[in-house]
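Numbered according to the working numbering, the sequence shown terminates at residue 352, and the numbering increases by one at each position without gaps.
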Amino acid sequence: MAVFLTKDSKVLVQGMTGSEGTKHTRRMLASGTRVVGGVNPRKAGSAVDIDGSAVPVFASVAEGMAATGADVTVVFVPPKFARAAVVEAVDAGIGLAVVITEGIPVHDTAAFWSHARSAGNRTRIVGPNCPGLISPGASNAGIIPADITRPGRIGLVSKSGTLTYQMMYELRDIGFSTAVGIGGDPVIGTTHIDALAAFEADPETDAIVMIGEIGGDAEERAAEYVREHVSTPVVGYVAGFTAPEGKTMGHAGAIVSGSEGTAQAKKEALEASGVKVGKTPSETARLARELF
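Right, here's the structure in full:
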């Protein structure tokens, strides 16, 4: 069974008429996602022809929800407009907002995350700066390739988009219930813990793969959560063992300061909570495979 995103999810795309939005809307439709509309106030009332499907464009998220019953939005708008786009989605009361956009200022992310909290957490935010999430064979909200795996019984949560793809491919013969790319910015919506809780509650997820990276303490907090609340077997990987201190590596949040946020410290915390941690992505996949 999928978490957060199912075959019944109806998806709007904010920024669908831009080049990236159009490209990935095409890919989402091709993978079977129920994309029911786009959002662009300047092109409201028109439709975009995507491989023979006429996808309507609405003036706002609220209008798109009212017309289609959409419960998911995927945000492809440029960084300077992303805060307003997410606030609009939250104000409309949509259930899931997947923020793909990279380079959003941290204070903007903090502002729309706080806005969602003050609105009663009606809207789950995934991202920003993430590949989105996919429930293989059911729905795909974001930029994850749909043809690299199949439906199965592994739940995957990852800070890294690239490692998400690698893990999905290496374990393609077993397959995934849902893969969630949470993003690596300093402030994100859905965390490792949120995904761990959802997979633990899913009776059709038999194992969890968790991918972290240097910087911050998210993995240490996730390790504590696993120890206290998760009975499903968890396999982990932490990227960044060779990263130099004080240098940002790939993601804005992937930076080691002194002894804090190191890969070794995260590995030790996870192992102390019973998580098997691989030294490489391939070894992590092997550890996950041994659970089946």
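All residues carry an ideal CB built from backbone N, CA and C; glycine is no exception.
Exercise. For the region 144-151 and the region 182-198, state whether three or more C-beta atom pairs, one from each stretch, are separated by less than 8 Å.
Key: yes
Exercise. Give a yes or no on whether 8 Å exceeds the smallest Cβ distance from Glu284 to chain B.
Key: The chain inventory of the structure shown lacks chain B, comprising one protein chain alone.
Quiz item: In three-state terms, what does DSSP make of Leu65?
Solution: coil
Exercise. With DSSP as the reference, label Thr133 as helix, strand or coil.
Key: strand
Exercise. From the DSSP output, in three-state form, read off Met270 for me.
Key: strand
Exercise. Quick one: using the 10 Å Cβ neighbour count with 16 as the cut-off for buried, is Ile315 buried or exposed?
Key: Unreliable placement is indicated for Ile315, whose pLDDT of 47 sits below 50; the coordinate value is still reported in the next sentence. Label assigned to Ile315: buried.
Quiz prompt | His167 classed as buried or exposed, judged by whether at least 16 other C-beta atoms fall within 10 angstroms | solution = exposed
Self-check item: Cut-off 6 Å between Cβ atoms - residues of its own chain near His84, not counting five sequence neighbours on either side
Solution: Ile203
Quiz item: If you scan the region 110-173 from start to end, which runs of the alpha helix (DSSP H) of 4 or more residues do you find wholly inside it?
Solution: 121-128, 139-152
Exercise. Provide the residue span of the alpha helix (DSSP H) that contains Arg213, from first to last.
Key: From DSSP, Arg213 is part of no alpha helix (DSSP H) but of the beta strand (DSSP E) over 211-218.
Quiz item: Less than 8 Å separating the beta-carbons of Gly321 and Gly276?
Solution: yes
Quiz item: Is the distance from the Cβ of Ala299 to the Cβ of Leu223 below 8 Å?
Solution: yes
Quiz item: Straight-line CA distance for Leu72 to Asp233?
Solution: 31 Å
Practice problem: Would you please state the rounded distance, in angstroms, between the beta carbons of Tyr285 and Ile253? I believe it to be under 8 Å. | Solution: 5 Å
Quiz item: So, helix, strand or coil for Lys339, using DSSP?
Solution: coil
Quiz prompt | Residues bridged to Ile194 (per DSSP) | solution = Asn200, Ala239
Exercise. Could you name the residues of the same chain whose beta carbon sits closer than 6 Å to that of Ser319, not counting the 5 residues immediately before and after it, in chain order?
Key: Unreliable placement is indicated for Ser319, whose pLDDT of 47 sits below 50; no coordinate value is reported for it.
Exercise. Quick one: using the 10 Å Cβ neighbour count with 16 as the cut-off for buried, is Asp111 buried or exposed?
Key: exposed
Quiz prompt | Inter-residue CB distance, Val137 and Gly98 (contact presumed, cutoff 8 Å) | solution = About 11 Å separates the two Cβ atoms, so there is no contact after all.
Exercise. With DSSP collapsed to three states, give me the class of Leu347.
Key: helix
Quiz item: Which residue comes first and which comes last in the beta strand (DSSP E) that contains Ile248?
Solution: Ile248 -> no beta strand (DSSP E), and no H or E assigned at all.
Quiz item: Near Thr251, which residues of its chain fall below 7 Å by C-beta distance, leaving aside the five closest residues on each side in sequence?
Solution: Ile242, Ala278
Exercise. Give the straight-line distance between the Cα atoms of Thr340 and Arg86, rounded to the nearest whole angstrom.
Key: 33 Å
Quiz item: Gly98 lies in the beta strand (DSSP E); which residues open and close that run?
Solution: 94-99
Practice problem: Give the single residue among Glu123, Leu330, Ala170 whose Cα lies nearest to the Cα of Arg143. | Solution: Ala170
Practice problem: State the Cα-Cα distance for the pair Gly338 and Tyr297, rounded to the nearest angstrom. | Solution: 5 Å
Quiz item: For Gly197 versus Val63, is the C-beta spacing smaller than 8 Å?
Solution: no
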